[in-house]
Each structure stands twice: as structure tokens, then as C-alpha cells.
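Contents: one structure, followed by commentary.
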Amino acid sequence: MRFLHPSLHPCFLLGLALAAFGLAGSDPALAQAGAGSNAGAGEPLVAVRVVSLNPSLTEMLIAMDAVSVLVGVDDYSAQEQPEVRSLPRVGGLFNPSLEGVVALEPELVVMVPGAQQRDLADRLRRLGITVLELSNIRIEDLLNSIEILGNRVGRADAARKLVARIRRAWRAVEKATAPYPRVRSVLVLDRDPLFIVGRGSFLDEMLRAAGGENVAAVFSDPYPRAAIEWLIAAAPQVILDATDDPEDPLRYWSRWPSLPAVVDRRAIAISPVVLRPGPYLDRSLRSLAEALHGPGVLAAIDGGREPSVAP
Amino acid sequence: MIALTRRRVAGVLFTLLLVLLLVGFAALIVGPSALTPSDVVGALRGAEPGGAVADIVLRVRLPRVQLGMLVGASLAIAGVLFQALLRNPLADPFVLGVSGGAALGAILVLSLGASVGLGYAAVPPAAFAGSLCATVLLYVAAGFRGRVSATHLLLTGVVFNAFASAAIVFLASLAGLMEGARIFMWLIGSLSASRADMAGWVALFLGIGLACAIPLARSLNLLTLGEESAKQLGVEVERHRRILLVATSLMVGAAVSVSGLIGFVGLIIPHLLRLLLGSDHRLLIPAAGFAGAAFLVVCDTVARTLLLGRELPVGAVTAVVGGPLFLYLLRRHQRRAFAQ
């Protein structure tokens, strides 16, 4: 007897969850650093009633100081972003409430295109509500999403600033890590079952920009489920472990002592916040570069941005 | 029924054990990374203990093979016991909701256990508690005046399964996005690495279950003749049935707690063996253990080898292998019935 409806196939679910959001998780330090950036000061906000169905889009709106356009959010936005906790909620990724969205009389609904919500988008459109589907797979998708959102809510300048900051950080990180040898690495999203970052997502692109060689680029989908045996054979020098599992990464990965990352004690915990396809990719890039090359690389990244005065 | 001699039991079980060992060794050789039999033998003998081959053979494949054997044996024996107890060929831990109860118990601990200080180690006992609750509920809801009707039992199982399924979906939707997705991942069943730490639990529960079931094998034979006949032949029907249901709950709970929900093993293996060996439970119970173990190891080897470097859920493989085989058995069964 099958226990689950086929559309609830868990592999599909977890992959979708990762593709849609990155891992949920909060890092107080990063969250605080993001608060109060007040990027949109001075620009007149276009008073459009927006419902966001995705935490990364919600986070983008918050970062461009456009939180007041939001009239409702999905459950995961409310879990992750304290700024929108008091807003009406319209369900989660798998159970969005059409009625809940319609009742908020939104002029714009923003979401990430995905199989689970395709039907919702169509039905909203049939009811005359404008729906904006913003992909979050590749880095250019994300930067576009920020600018499109900014234009729609009257925060074009703020959005441009966010994008410019990310591009600047991207160049600085690429430049700073260029002298280092490429580090054969893998970015782990979940330990058991093993989910990793494959080829073609913004995380894959960031890993490369930060001076890593993604050993999982042999997988053509962005977030494949891999066999542990494959990982042992791939022999990464560094395991970037972005799971929220409380067990220390080095201890966990030491179950397979032949892993070079274990031998060199380079199974490194990464904050799950790094995985968020949101407006703070610049910080995520720095974290990845630091994990791959050590804290010394940070000075080089900052040095590239504003030349430091020699002592 | 073919006469059961000591010699025949020994012959059949020895053959099945040999098959199981061969399957186990083959499963150590086959996998996404190409290894030769001599690589495997070398690793087993302790050559280059820190190398990648040792990791793959001793710390990836061997624990999985062990766990696959234990889970496969538990599910197959549980299937044999349920089918005999209910005198219904479709009785299976999954149909009866016992697996669903075990899954619900496990998921209660997985989703809410952390807040009351329960770790992963609490999952197997919770799964057993869940499967036992399901069994007791089956008994109370379907039984009246100490007698259990098979139809009622099956229907109660179906309803309980629906309830457990709904409760799990409810728990998953309460949890965060990742936790919810992980709960569904956990359910589908896998024999992957970290769960191998729990093999001891499965071995313990399987051992207790066997210790209860094997001495009662003769009672089971009589029970399959019908309750009245069994009583007339001196079987303490209710007491034996209760012991066997608890034993079965133990095995199902242990299997589900480490592997999630893997279907068809408890349905296919008993049917296959009954066709091959007859239905004497003194032979059927241990034979189902060996055959179920070998079957699940083969399925898991396919699951981890078919798509190089990726993993398929083993439950999907048992379903693909088990579904058609079951239909074939059913057709054959019908034809034979017509011929008679």
C-alpha cells in the first residue's frame, strides 16, 4: 500500500523546498547586519498592495525599505522575517490559500515559479490580480528580481544600490580569491539523505566565484540528492556543511575518515543563512570565501573595495 | 502439504542462508564506484584502513547491507505472521496501519521530541509504541467479546492508516519548511548511512519477535485452519494471538524506525515462499527472514546503483519489483483455483 500521494514525493519536495527558498534558518549576527540599512530613504514609495509568497522576495522588499507595501505574506516569510510577523499570513509553499490572498485585495502578488504554485498563479490571474513570478535559480535571476521588485514599488534606486553592492562584492571576491589555488569543495544542504549543490544554481555560481571548484558540478540539476559513496570517491578537500544539524560537522563527516576534508579537518559549518536567495548575497560570498581560504582572504576582499592605507 | 522433516528444514534454510551470503557479498561489490571482489576482500581483511575503498566497503556498503538484512527480515516475518493471524493473504503491516502507527510514533519524536529533550535514539522505542498502539487499537476496535473478525481488523487498519497519514501530514505542516520536507523524506524509506547506527535496535526487536514467534509456529499452523478447529486442537487462541501481535508490532516498529516506510516486502516474500515451500510456519518463519533479508538487500543495491552517484528511495524499488511480481502470483493463484 502506498502511503503518500505521488505528488508528495519527498525527494521532489525537499528539492523544491531548497530550490524555492534555500534552507530556512536564522543567524542573529547576519540578520542584525541586514537590519536598518534603510536603503530606500528619500524615494517615494508607490502605494501598491503587495502579497509576497516567498521569504526571499519578502527579504528583498525589506532590504529596499519597502516593507510597508506588504499587506500579506506566506508562513515562511513570517517565520524568517521579524519585520513581517504581524502581517496577515496566507499559508505556506504547499498550502497557499487562494481565498486568503484574494481577501487582502492585493494589486500585486509576487512568488517564485514552481510546480506547487503554478495553479495558484493561474487562478489569481483569472481573478484579475497581477502576479509576478520571479525565478531564483541563477544569480542573474536574483539580481533581476531585486530590480524588478524595486521598479514596481518605487524603490528603483534602492534596488539598484543593492544590486550594485552585490556585483561589487562579487568582483572583489573573485579578484581576492584569484591568487589562491581552486579548492575542490562541496556545499552540503542536508546530511541524510545527502542533498548538495549541483550545477547551475546561484549557490554553484557563488562557490566558484569564492574560489571553489564544485565537485558536484557533475550533477546537472541544481540541488541533487547524492550518494555518500559518490562523495567519498569525489574526495573534496573542503566540505561546506550548511545544515542545521547540531552535530559538529567534523564529527559527523569523520564517519568516513578517508575524506580529504576530514583528514585536513576542513569540514566547516556554514550558516544556513548563506543559502538564502535574498538581497545579502554579498555577505554570503564573503562567508564562502572565508570558509574556503581562511580569514586572511577577508582583508584582500575589503582591500579590493577601498584601498587600505599602508601603515 | 509437503511433510516437514528436520532434513528438509535444514536443507532449505542452508540454501537460503547461502543465497543471502552471496547476495550480501555481491552487494558489497556492486555500487556507483567500481570495485573488484579482491578490493572488497582486501577491505574486509583490513587492508589500507584509512583509504577510500575501506570507507566505501566498511563504512557505507557494509552497514547498509546489514541494515537491509535486518529490516528485510523483520518486514517479511511480520508479513508471514499477519497473514497467518488474520487468515488473509492481503494482510500486511502497511495495510493494517501498523506501519503507519510506527511512522506516526517516530515522527512525533522527530518533530516534537527535540523540545522535550528526546534525541534520535528515542525514535525506535517511539515507533514500537506507535505500532503497538495501532495493534491494540485494531484489537479493541475490531474485536468484540474477545473474538477478532478478520474483516473488521482489516477495515480498522485501513481507517487507522488514513488517520496516521493525516496526522503525519498535520505534523509536517506544523513544522517549518525544511522540517516538513525532511519528515516526508524520512517516510519514504532509505537505508542510508547514519541510520545504520540504529541497527542494534532492529536486531534486538527482531530477536525478541523471533523468540516469541518460533515457539508458536505450530499454533499458527493450526490457527490457519480456522479458529474453532484451532481451539478444539488445544490452541490458546487469544493468548497466542496477543503474543504474536506484540511480536509483530516489535518487528514492524523496529523496521519502520530505521527505514521509514518500505512496502511490499511483507506481502511478496511470504507469498513467494508459500508457493515454493508450502505453508508450514515452522519453516516459513525462518525462511521468510532469510528471503526477506536477501530481497531487500538486492532492492537497496539497485536503488543506490541505478542512477550513478544518486540515490533512489528503496521503497520505490521494492514497489517496482514487488508490484508486478505480486500480480503474477495473484494470476497464478487464480489459474490454479480454476484448475481445481
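Those protein sequences? They're chains D and G, same order as listed.
The numbering of the first sequence is our numbering, which starts it at 2 and goes up by one.
The numbering of the second sequence is our numbering, which starts it at 75 and goes up by one.
Heads up, the beta-carbon is just placed ideally off N, CA and C, and yes, glycines get one too.
Remember, it's a predicted structure, so these values are computed and weren't measured experimentally.
query, result
"When D/Ser-202, D/Val-113 and D/Ile-269 are compared against D/Asp-249, the one with the closest alpha-carbon", "D/Ile-269"
"Rounded Cβ spacing between G/Ser-185 and G/Ala-249 (contact assumed at less than 8 Å)", "5 Å"
"Listed by chain order, chain G residues near D/Asn-215 by CB distance under 9 Å", "Chain G residues near D/Asn-215: none, gap ~14 Å exceeds 9 Å."
"Beta-carbon proximity of G/Ala-165 to G/Val-183, cut-off 8 Å", "no"
"Exposed unless 16 or more other CB atoms sit within 10 angstroms - verdict on G/Tyr-402", "exposed"
"Distance between D/Leu-88 and G/Pro-398 (C-alpha atoms, nearest Å)", "52 Å"
"Within 7 Å of chain G by C-beta, residues of the stretch 252-272 of chain D in sequence order", "Arg-256, Trp-257, Pro-258 and Ser-259"
"Residue range of the unbroken alpha helix (DSSP H) whose run includes D/Arg-256", "Here D/Arg-256 belongs to no alpha helix (DSSP H), and DSSP marks it neither H nor E."
"Own chain, CB closer than 7 Å to G/Val-371, minus 5 neighbours either side, in chain order", "Val-97, Gly-98, Ala-101, Val-139, Gly-142, Met-143 and Gly-146"
"Where the stretch 75-97 of chain D meets chain G: residues whose CB sits under 8 Å from a CB there", "Tyr-77, Gln-80, Gly-93, Leu-94, Phe-95 and Asn-96"
"Buried or exposed by the 16-neighbour rule on C-beta atoms within 10 Å, applied to D/Asp-76", "buried"
"CB contact below 8 Å: D/Glu-60 versus chain G", "no"
"Whole runs of the beta strand (DSSP E) within the stretch 108-179 of chain D, excluding any shorter than 3 residues", "109-112 and 131-134"
"Paired residues, beta bridge with D/Gly-314 - DSSP", "Any property of residue 314 of chain D remains undetermined from this structure, which presents chain D solely from 2 to 312."
"Short Cβ contact (8 Å threshold) for D/Arg-156 with D/Pro-107", "no"
"Which listed residue (D/Ala-227, D/Gly-297 and D/Gly-199) has its alpha carbon closest to that of G/Glu-385", "D/Ala-227"
"Residue environment, G/Leu-381, which counts as buried when at least 16 other CB atoms sit within 10 Å", "exposed"
"Under 9 Å by beta carbon: chain G residues contacting D/Arg-172", "The premise fails here: D/Arg-172 is roughly 32 Å from chain G at the closest Cβ pair, so nothing lies under 9 Å."
"Simplified DSSP assignment, three categories, for D/Glu-60", "helix"
"CB-CB length for D/Trp-254 against D/Ile-271, believed under 8 Å", "The pair is not a contact, with the Cβ atoms about 13 Å apart (cut-off 8 Å)."
"Status (buried if at least 16 other CB within 10 Å, exposed otherwise) for D/Asp-191", "buried"
"8 Å CB neighbourhood of D/Val-184 in its chain, flanking five on each side removed", "Gly-212, Gly-213, Glu-214, Gln-238, Val-239, Leu-293 and His-294"
"Residue range of the alpha helix (DSSP H) that includes D/Glu-206", "203-210"
"G/Ile-103 at chain D interface by Cβ criterion, 8 Å", "no"
"Neighbouring residues, chain D, relative to G/Met-272 (Cβ below 8 Å)", "Those within 8 Å of G/Met-272 in chain D number zero; the least Cβ separation is about 12 Å."
"Test: G/Pro-106 CB closer than 8 Å to a CB of chain D", "yes"
"Element boundaries [beta strand (DSSP E), containing D/Glu-230]", "Taken as a continuous stretch (DSSP letters only), D/Glu-230 belongs to no beta strand (DSSP E), being part of the alpha helix (DSSP H) at 229-235."
"Residue-level contact to chain G via CB, D/Ala-30, 8 Å cutoff", "Note on D/Ala-30: pLDDT 40, under 50, position unreliable in the model; the coordinate value appears next. Cβ-Cβ to chain G under 8 Å: no for D/Ala-30."
"Chain-ordered neighbours of G/Ala-128 on chain C, where CB pairs are closer than 8 Å", "No chain C is part of this structure, whose protein chains are labelled D and G."
"Alpha-carbon spacing of D/Glu-81 relative to D/Leu-286, whole angstroms", "20 Å"
"Alpha carbon of D/Asp-193 to alpha carbon of G/Val-214, nearest angstrom", "38 Å"
"Unbroken stretches of the beta strand (DSSP E), 3 residues or longer, contained in the stretch 263-301 of chain D", "268-270"
"Simplified DSSP assignment, three categories, for G/Ala-315", "According to the sequence shown, residue 315 of chain G is Arg rather than Ala. Residue state, collapsed to three classes: helix."
"D/Ala-179 CB to nearest heavy atom of the ligand ATP below 7 Å", "Absent from the structure shown: the ligand ATP. Ligands present: none."
"8 Å Cβ cutoff met for G/Leu-290 and G/Leu-159", "no"
"Residues near D/Pro-45 in its chain [Cβ-Cβ closer than 6 Å; skip 5 each side]", "Gly-155"
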